[in-house]
Every structure is written in structure tokens, then in C-alpha cells.
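A.B. asks:
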Amino acid sequence: MLTFDVKYYIYIMKKWELKLHHQETNLKGIMTSISYSPSGDLIVAGMSNGNILFFERRLDGSWSNIQSSTIKANTDKVDLSMQCLANPSVVDTDFVPVQRKCPMLLTAGEKEVKLWFISDHLEPTAPPDFVPHGLEFPPVYRSERLLTANQVTSFESQYGMKFSSVRCCPDGMNFAYCESKNVSIRRVDRINPSLMVYHSDSELTKLDYHPNENEIILIGDASGRANIVDMRVQPTQSTPNLRANASHLLANRFNYVNDCKFSADGTKFFTRHYSDLIFWDSRRTGNCLKKVPIKHDSESNDAHITTDGRDVFRSTWIDPKTVATGSFGGTLFLINTDGVITPKYITQTEQKESKFLLTQKARMSFAKEHQVNAIAISPNMNRLVASNTRSIQIYDLNAF
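Here the UniProt record's numbering is used: the first residue of the sequence shown is 1, the next is one more, and so on.
1) Check whether the Cβ atoms of glycine 46 and threonine 32 lie closer than 7 Å to each other.
2) Quick one: grab the DSSP three-state call for arginine 363.
3) Are there 16 or more other CB atoms within 10 angstroms of the CB of residue 425, so buried, or fewer, so exposed?
4) Please list, in chain order, all residues of the same chain as methionine 173 whose beta carbon is under 7 Å from its beta carbon, the five residues on each side excluded.
5) Say whether the segment 57-65 touches the segment 94-105, bearing in mind that this needs 3 or more beta-carbon pairs closer than 8 Å, one atom from each stretch.
6) For the candidate residues Ser164, Ser282, Phe328, Val131, whose alpha-carbon lies nearest to that of alanine 264?
7) Considering only C-alpha positions, which residue in the set Glu110, Ile191, Gly220 is nearest to leucine 204?
8) Any contact of the segment 243-252 with the segment 293-300, i.e. 3+ C-beta pairs under 8 Å?
9) Report the partner residues of aspartate 208 according to the DSSP bridge assignment.
10) Within 10 angstroms of the Cβ of lysine 206, are there 16 or more other Cβ atoms? Answer buried if so, exposed if not.
11) Can you give me the start and stop residues for the beta strand (DSSP E) that leucine 242 sits inside?
12) How many Å lie between valine 166 and glutamate 110 at the Cα?
13) Whose C-alpha, out of Trp116, Pro38, Asp94, Asn287, is nearest the C-alpha of alanine 374?
14) So, for glutamate 112: in the same chain, excluding its five sequence neighbours on each side, which residues have a beta-carbon less than 6 Å away from its beta-carbon?
15) Return the bridge partner residues of glutamine 158 from the DSSP annotation.
16) Rounded to a whole number of angstroms, what is the C-alpha to C-alpha distance between alanine 108 and lysine 114?
17) Please report how far the alpha carbon of alanine 386 lies from the alpha carbon of threonine 285, in whole angstroms.
18) Compute the beta-carbon to beta-carbon distance between threonine 325 and isoleucine 318, rounded to the nearest angstrom, for a pair I have assumed lies under 8 Å.
19) In the DSSP assignment, what residue or residues form a beta bridge with glycine 46?
20) What is the DSSP secondary structure of lysine 114, reduced to helix, strand or coil?
21) Do you know offhand how far glutamine 23's Cα is from histidine 133's?
22) Tell me the rounded alpha-carbon separation between proline 38 and methionine 104.
23) Using three-state DSSP, classify glutamine 237 as helix, strand or coil.
24) Could you spell out the range, first to last residue, of the beta strand (DSSP E) harbouring histidine 304?
25) Please list, in chain order, all residues of the same chain as isoleucine 30 whose beta carbon is under 7 Å from its beta carbon, the five residues on each side excluded.
26) Would you call tryptophan 16 buried or exposed, if buried means 16 or more other Cβ atoms sit within 10 Å of its Cβ?
27) Apply the 10 Å Cβ neighbour rule to threonine 267 and answer buried if 16 or more other Cβ atoms are within range, or exposed otherwise.
28) Just the C-alpha distance for lysine 19 and isoleucine 305, rounded to the nearest angstrom, thanks.
29) Can you give me the C-alpha to C-alpha distance between valine 44 and asparagine 245, rounded to a whole angstrom?
30) Identify the residues that DSSP records as bridge partners of glutamate 24: which are they?
31) Quick check on glutamate 203: does DSSP put it in helix, strand or coil?
32) Would you give the residue range spanned by the beta strand (DSSP E) that asparagine 336 belongs to?
33) Shorter than 7 Å from the beta carbon of proline 211 to some beta carbon of chain C?
34) How should arginine 272 be labelled, buried or exposed, when 16 other C-beta atoms within 10 angstroms of its C-beta is the threshold for buried?
35) For serine 391, which three-state DSSP category applies?
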């Protein structure tokens, strides 16, 4: 008798309906991180110039960019160890998953982590042709809804260190962050003091909480390793409880873990590297479940678009068996745990135009300018957002 997983069948039959295409006019920044609010009706996008953009879902189901709410999350900071201005890029963003009266947002730059309250209010607007005569107040002819990010608190990195990732615990009580070779945790309601829970011999790149066990975290590093740490063992650990080492699988210089994340049930996780996505079993990390090579647009064996493999590729699980991850050339890949790859072109027009470029160098330059940097999915798994360097696309995932 033929049997199949009904839930998975429904997932693969999803239809992507484009709800918003927004092109950012500021040419000095690319989108580096995207997060959904717990309600799924608000999206924040961090940029390399330090700005944060807000996108909100209207009552009719459409989306819009709230331009009046754009904030500068990272101001100019001096890196004393390097004697220069620090990179203002927003390296990571995350919402506190427990919805309070107002959503709470965490943002991380290389030198500072901030906690924000996101509030909204109605601002009365006077008629554009109103001219006062004496002590005369204008009539309110309409009200404009404004979204405001209010900074609650912040803390800076230690001398010679920089932040690379921040993630809030699923219970909404505390959050963890990578600071060079250390992972520390702090409480959301009381930012000080901090507790270091892990110290590595390699630079740490990305972290994630286990969805069901709040004391277990997944930490990626620059050496190609994914470390699983149980924070209940002892206050500060230097050896992880489990370690998945991808360096012997990759056999190249691009071992850097660009992203790593547990699946929704916590039984699996993936590590994203420059040209590979690897699936692992959370309980047995000696061997990987599947290694899937990713071919970037316009690359060849002797020519790579990157110089160090540390490009931003924020990825996410979109169902129990599939990960959505980005690439160069405006391509988003849906990669199954069985190794099946389904490409989706975020900007089809630009993809077609790239084929008219004659030289490989020009094609690679064009592909670099159209990189799918970050992907996020809503908490109820029915909406997806993807960035393409300076543009953003929001999709509704509706079953046929």
C-alpha cells in the first residue's frame, strides 16, 4: 500500500504569491538581516549602512514600507583596537518571541547591541491648504499612523571584540550573543549582568536556540564547525557537548559557517557554507545526513565571486524537510534533506539581463550585485521574505 506524509505533501504544493517588491533607493547599503515579529505582521530589515527598515501588513493583506519609521540603529563608533571607525552594519536582528503590549526588537552591530520597543500611534494631520488667522487651530481632516522604534537599553562590545550574532530564547526571558570567541547570555528585562556560557578557540559566526530546550544552543564558527552546547552543564564551557565538523567534508578554504539553524522539532539542523548546505542529525553529529553543493551563478572551478567565503547568506527552514537559502545572481534555492534543489529567481528580469553580459568577469560582477542575502519565514510558516542586495520581496505561501 502506497503511503506518504500528508503534511509534507501540502508543504511542497505551496504557491508563492508576490505581495510586495520594494527597491531601496539608498545605494550605500545592502540588506544583511531580516526578522518577522511574533504576530507575523511586521518585518524589520537591517542594512549594512546601519539603517533598519520596517514593513507592515495592512488589513487587506498587502504590505508597505513605513518610510517615516526608518531608524539609524548603529551610530558611528570608533574601534579603539583598530584606530578607525567601526563597521556600522547591522549584523543581526531578532524579535523577542513572546508578544507583549509592544513588540521588542534586538539589533546587533559589530560594536553595540540594542533593545527596542516598537510602538505605534495616530498623528493628526492638518489640511495642506490651511492658513491660520490669529489663534485658530486647524481641523483634523485625517490621521496618519506612525510606527516608532524606542531604544530601551544597549551595551557595547569589549575592547578588541565585535558582535557577530544575537538570538532571543524561545521563552522570551533571555537572549544570547556571539562576541568574537565568546557566547554570553543576558536577561531581557535586566540587561546587566551578563554570563559567559561558551569560549571557543575560533571566531564565532552565528547562533541559534533549540526550539524545545531553552538551555541548548547551536553555535557556528569560522573553522567550519557547528557546536551544540548545553548551558546546564557548567557556567562556562570550552568544549561543546556535540560538534559537527564540516571542514573535512568541504576540503576547500570556504569553511566559514555563514548560518546555522535547528529545524522546528529540533531533531536536525543545517550549516550553510559559501558553496554548500549540510544537513546534520542533532543527536549524532559524527556524519552528516546530506551535503548539497550550491553552484553560484557565473562561477567556474578557477573563478569565485567571493574572496573569503564570508558573504551574508541568512537561511531558514520553510517546512520540516526544506531549507530556503540564497545565492548570487538573484537566485533562491529550496533544498530538500534528500538533496533535491529547486531554484527560484527572485528577480527574473535581472536574471535574463545578466545573460547578455559578454565576459565572465562582467557576469560575476553582476551576480555579486544581485545577491539573495537574507531569508526569513513568519512564525506560522505562511509568509516568506527574501532580500536581493537592496530590494526586498514578500510572498504569501498559499497551498494550491
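Yeah, the Cβ is synthetic: ideal placement off N, Cα and C, and Gly gets one too.
C.D. replies: In brief:
1) yes
2) helix
3) Residue 425 cannot be examined here, being either before or after the span of the chain that is shown, 1 to 400.
4) Arg187, Val188
5) no
6) Ser282
7) Gly220
8) no
9) Leu218
10) buried
11) 242-245
12) 11 Å
13) Asp94
14) Ser154, Glu156
15) Beta-bridge pairing links glutamine 158 to no other residue.
16) 6 Å
17) 30 Å
18) The Cβ separation is near 10 Å, so there is no contact.
19) Ser33, Ile52
20) strand
21) 43 Å
22) 10 Å
23) strand
24) Premise fails: histidine 304 is in no beta strand (DSSP E) and is neither H nor E.
25) Met47, Ser48, Asn373, Thr389, Arg390
26) exposed
27) exposed
28) 31 Å
29) 32 Å
30) In the DSSP output, where bridge partners are listed per residue, glutamate 24 has none listed.
31) coil
32) 331-336
33) The chain labelled as chain C is not found in the depicted structure, where only one protein chain is given.
34) buried
35) strand
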